[in-house]
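Chemist: The structure that follows is given in the form of structure tokens.
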Amino acid sequence: MASFLFHLGQYILLMWRVFSKPEKISIYRKRLFDEMVSLGLASLGIIMVISLFMGAVITIQTAANIDSAFIPTYTIGFTTRQSTILEFSPTIMALILAGKVGSNIASEIGLMRVTEQIDALEIMGVNSSAFLILPKIVASVIINPFLVIISMFVSIGGGYLIAMSTDIVTVADYVYGIQLDFRPYHVAYSLSKAAVFAFIFTSIPAYQGYFAAGSALEVGKASTRGVVQSSIVILVANYIITQLFLI
Amino acid sequence: MIEVVGLNKSFGDKHVLQNISATFETGKTSLIIGASGSGKSTLARCLVGLITPESGKLLYDGRDFLELSHKEKKALRAEIGFLFQGSALFDFMTVEENVRFPLDILTTLTKKEKQVRVDEVLERVELPSAHKLFPSELSGGMKKRVGIARAISPRPKYLFCDEPNSGLDPQTSIVIDNLIHEITVEYNITTLVISHDMNSVMEIGEYILFIHKGEKWWDGDNDKILKTENKELLSFVNASGFLSTKKAGS
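Respectively, the protein sequence lines represent chains B and F.
Residue numbers for the first sequence follow the numbering used here, so the first one is 1 and each next one is one higher.
Residue numbers for the second sequence follow the numbering used here, so the first one is 248 and each next one is one higher.
Here's what the structure looks like:
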């Protein structure tokens with residue numbers, strides 16, 4: 001418990017420093033765009049592949065679980081859309097990115113710590129935590145909702161391909177289902193989750209990397225801790241946000 | 248000139264630095280030597296503010312670093328260049344960006360002026376065409392040169408070099424040592440080199456401070472070091488193998 005409180009306190013203090021006034025905005029601007037590319041666009045491929053298969057599988061599994069003749073087949077499209085928008089695209093993608101982006105951030109910053117690059121920044125009078133972590137958090141919070149939107153379209157598209165290529169649901173029923181009772185609030189809720197999750201899967205691994213010490217082995221451990229902790233916090237945050245805003 | 252007066256630093260119960268006092272003069276290359284774990288790197292880190300000592304004074308041309316306000320410390324840091332043991336070049340930046348970075352942070356130079364300065368210092372460290380290379384594409388010696396170029400690009404008044412020869416072959420070590428010494432004289436700056444390399448001591452050391460178990464054990468110039476009767480210092484010199492190499496050479 002004492003260790004948890006120590007790390008929580010240290011994390012809050014780090015975030016305080018990260019969001020303090022930057023020295024020179026111009027040096028952050030370039031970093032922000034670089035991070036948008038490395039954290040966002042570089043993840044686009046894996047997001048699309050996973051979303052495509054995820055949508056296809058949701059469609060098949062929903063169809064497989066609808067036995068009753070009283071449930072219309074357009075429910076398959078409806079369920080695919082709702083599952084994708086509410087849960088799969090924001091949460092599963094966040095967990096995937098916690099692994100991909102999170103480990104990358106923790107190891108990058110951890111390596112900078114052990115190779116004294118962070119000390120070099122401090123000697124120059126640069127707020128190293130803000131310089132290294134702020135652009136990553138801001139880039140991720142901005143870009144992740146866009147990735148989630150793309151994921152939603154591709155996932156629903158994956159279901160559409162199943163409708164086209166199999167006879168478990170007709171294309172007309174699927175298309176009718178994905179348009180049925182559409183609530184824009186659900187998309188807003190989902191994108192808000194995406195932004196919160198992005199903050200979690202960048203800031204926690206960044207914290208782990210920033211306080212990594214010693215050798216490459218320690219950096220590896222910090223990277224693992226960053227991924228595991230951010231995944232757990234994402235799931236807890238998902239539960240809290242769902243409880244607060246969906247019911 | 249940097250003056251250290253009665254500096255003390257502990258980590259828990261362990262006294263890493265005990266009552267260290269020394270004067271490092273402008274235009275001279277001073278060396279802090281000692282065995283691994285003697286406290287020399289901790290002293291350097293205290294001097295540049297990476298570690299806060301418990302007591303003592305760190306006077307930079309009369310300004311006590313420990314008494315300065317945050318703003319004044321920041322201004323003083325702009326006058327300090329630091330070459331790290333592993334060079335500590337930023338991996339995500341090219342050589343040119345690494346060297347320009349302190350100028351972006353610490354100066355108000357225009358883009359053109361910065362470019363002139365970058366070209367000038369890269370030329371000075373004999374890497375005139377390495378601008379677009381990344382640190383991963385450089386050899387150990389080239390990294391040190393870029394590290395030196397980055398350290399001197401904002402025209403510092405004080406230059407710190409932590410183990411500049413570590414990981415380098417003897418020939419490259421001499422080149423780096425000479426480069427540091429030439430820059431010290433040319434720019435008339437106060438240079439402190441942390442080292443355990445006796446070749447560097449004899450090559451460029453104008454003032455030498457020997458630290459043993461966190462205490463100042465001996466100081467003087469390189470002419471006196473071989474005539475010393477200080478037991479610990481003699482043991483350090485003998486262990487370095489410098490004397491046997493010298494005898495074999497002569």
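We put the beta carbon where it would ideally sit given N, CA and C, even for glycine.
Tell me where the alpha helix (DSSP H) around K261 of chain F begins and ends.
Modeler: Looking at the DSSP string, K261 of chain F is not in any alpha helix (DSSP H); the run it does join, the beta strand (DSSP E), is 261-271.
Chemist: With 7 angstroms as the threshold, decide whether the Cβ of Y125 of chain B is near any Cβ in chain F.
Modeler: Looking at the sequence provided, one finds Gly at residue 125 of chain B rather than Tyr. It does: the Cβ of G125 of chain B has a partner Cβ on chain F nearer than 7 angstroms.
Chemist: I need the straight-line Cα distance from E218 of chain B to H7 of chain B, nearest angstrom please.
Modeler: Approximately 17 angstroms, taken between the alpha carbons.
Chemist: Closer than 8 angstroms, Cβ to any Cβ of chain B: which residues of the segment 327-346 of chain F, in chain order?
Modeler: Against chain B - using a Cβ distance shorter than 8 angstroms - the residues of the segment 327-346 of chain F are I327, F329, F331, Q332, G333, A335, L336, F337, D338, F339.
Chemist: As a quick exercise: from F:L294, F:H262, F:T475, F:I279, pick the residue whose alpha carbon is nearest that of I123 of chain B.
Modeler: Considering only alpha carbons, the answer is F:L294.
Chemist: I want to verify the contact list: residues of chain B whose CB lies under 9 angstroms from the CB of L297 of chain F, in sequence order.
Modeler: Correct list: D119, E122, I123.
Chemist: If I measure Cβ to Cβ from H428 of chain F and keep anything under 7 angstroms in the same chain, skipping five residues before and after, which residues do I get?
Modeler: Hits under 7 angstroms: T276, I451.
Chemist: How many angstroms separate the CA atom of R347 of chain F from the CA atom of G209 of chain B?
Modeler: Going by the C-alpha atoms only, they are around 26 angstroms apart.
Chemist: Would you kindly report the start and end of the unbroken alpha helix (DSSP H) that includes L558 of chain F?
Modeler: Given that chain F is displayed from residue 248 to residue 497, the structure contains no residue 558 of chain F and the question cannot be resolved.
Chemist: Report the start-end ranges of each alpha helix (DSSP H) in the segment 336-388 of chain F that is 4 residues or longer and not cut off at the edges.
Modeler: Qualifying alpha helix (DSSP H) stretches, in chain order: 342-353, 358-371.
Chemist: Identify the continuous alpha helix (DSSP H) that holds E108 of chain B and give its terminal residues.
Modeler: Taken as a continuous stretch (DSSP letters only), the alpha helix (DSSP H) holding E108 of chain B covers 93-114.
Chemist: Got a sec: which bits of the segment 8-26 of chain B sit with their beta carbon under 9 angstroms from any beta carbon on chain F, in order along the chain?
Modeler: Against chain F - using a Cβ distance shorter than 9 angstroms - the residues of the segment 8-26 of chain B are E23, K24, S26.
Chemist: If the cut-off is 8 angstroms on Cβ atoms, which residues from the segment 342-373 of chain F count as contacting chain B, listed in chain order?
Modeler: Listed by position, the residues of the segment 342-373 of chain F near chain B (Cβ gap below 8 angstroms) are F348, P349, D351, I352, L353.
Chemist: Which residue wins for smallest C-alpha separation from G259 of chain F, given the options F:E301, F:M248, F:I279?
Modeler: Comparing Cα positions, the closest option is F:E301.
Chemist: With respect to the alpha helix (DSSP H) encompassing H443 of chain F, which residues constitute its N-terminal and C-terminal limits?
Modeler: Per DSSP, H443 of chain F belongs to no alpha helix (DSSP H) and is neither H nor E.
Chemist: At the level of alpha carbons, what is the spacing between V422 of chain F and F329 of chain F?
Modeler: The straight-line gap from Cα to Cα measures roughly 18 angstroms.
Chemist: Straight-line CA distance for N266 of chain F to M449 of chain F?
Modeler: Whole-angstrom Cα-Cα distance: 26 angstroms.
Chemist: Helix, strand or coil: how does DSSP classify F182 of chain B here?
Modeler: Residue state, collapsed to three classes: coil.
Chemist: Counting pairs of Cβ atoms below 8 angstroms between the segment 8-27 of chain B and the segment 140-150 of chain B, do you hit three or more?
Modeler: Short answer: they don't touch.
Chemist: For E35 of chain B, count neighbouring Cβ atoms within 10 angstroms of its own Cβ and tell me buried if that reaches 16, exposed if not.
Modeler: E35 of chain B should be labelled buried.
Chemist: Alpha carbon to alpha carbon, how far is G387 of chain F from G414 of chain F? Give it in angstroms, no decimals.
Modeler: Distance between the alpha carbons of G414 of chain F and G387 of chain F is about 7 angstroms.
Chemist: Throw me the rounded Cβ distance for the I327 of chain F and S442 of chain F pair, which I believe falls under 8 angstroms.
Modeler: Wrong, their Cβ atoms sit about 18 angstroms apart, outside the cutoff.
Chemist: Quick check: G177 of chain B and Y74 of chain B, are their CB atoms within less than 7 angstroms of each other?
Modeler: Yes, Cβ-Cβ distance for G177 of chain B and Y74 of chain B is below 7 angstroms.
Chemist: Count the other CB atoms within 10 Å of the CB of K193 of chain B; is the residue buried (16 or more) or exposed (fewer)?
Modeler: Buried, by the Cβ-count rule.
Chemist: Round the Cβ separation of D409 of chain F and S288 of chain F to the nearest angstrom and send it over; I've been treating them as touching at under 8 angstroms.
Modeler: Confirmed, about 6 angstroms.
Chemist: Should A163 of chain B go down as buried or exposed, given a rule of 16 or more other Cβ atoms within 10 Å for buried?
Modeler: Under this definition A163 of chain B is a buried residue.
Chemist: Between V57 of chain B and M93 of chain B, is the Cβ-Cβ spacing less than 7 angstroms?
Modeler: Cβ distance not < 7 angstroms, so V57 of chain B and M93 of chain B don't count as in contact.
Chemist: I think P205 of chain B touches S230 of chain B, with their Cβ atoms under 8 angstroms apart; what is that distance to the nearest whole Å?
Modeler: Between S230 of chain B and P205 of chain B the Cβ distance is about 6 angstroms, and since that is below 8 angstroms, they are a contact.
Chemist: Return no unless some Cβ of chain F is closer than 7 angstroms to the Cβ of E116 of chain B.
Modeler: Yes, E116 of chain B lies at the interface with chain F (some Cβ there is under 7 angstroms from its Cβ).
Chemist: The beta strand (DSSP E) spanning I280 of chain F covers which residue range?
Modeler: Segment 276-280, the beta strand (DSSP E) holding I280 of chain F.
Chemist: Over what stretch of residues does the beta strand (DSSP E) that includes S302 of chain F continue unbroken?
Modeler: From DSSP, the beta strand (DSSP E) with S302 of chain F extends over 302-307.
Chemist: Beta-carbon separation of G333 of chain F and L254 of chain F under 7 angstroms?
Modeler: Taking 7 angstroms as the Cβ cut-off, G333 of chain F and L254 of chain F do not qualify as a contacting pair.
Chemist: Apply the 10 Å Cβ neighbour rule to F53 of chain B and answer buried if 16 or more other Cβ atoms are within range, or exposed otherwise.
Modeler: F53 of chain B is exposed by the Cβ-count criterion.
Chemist: Using the Cβ count rule (16 or more neighbours within 10 Å means buried), how would you classify A398 of chain F?
Modeler: With 16 or more Cβ atoms within 10 Å of its Cβ, A398 of chain F is classed as buried.
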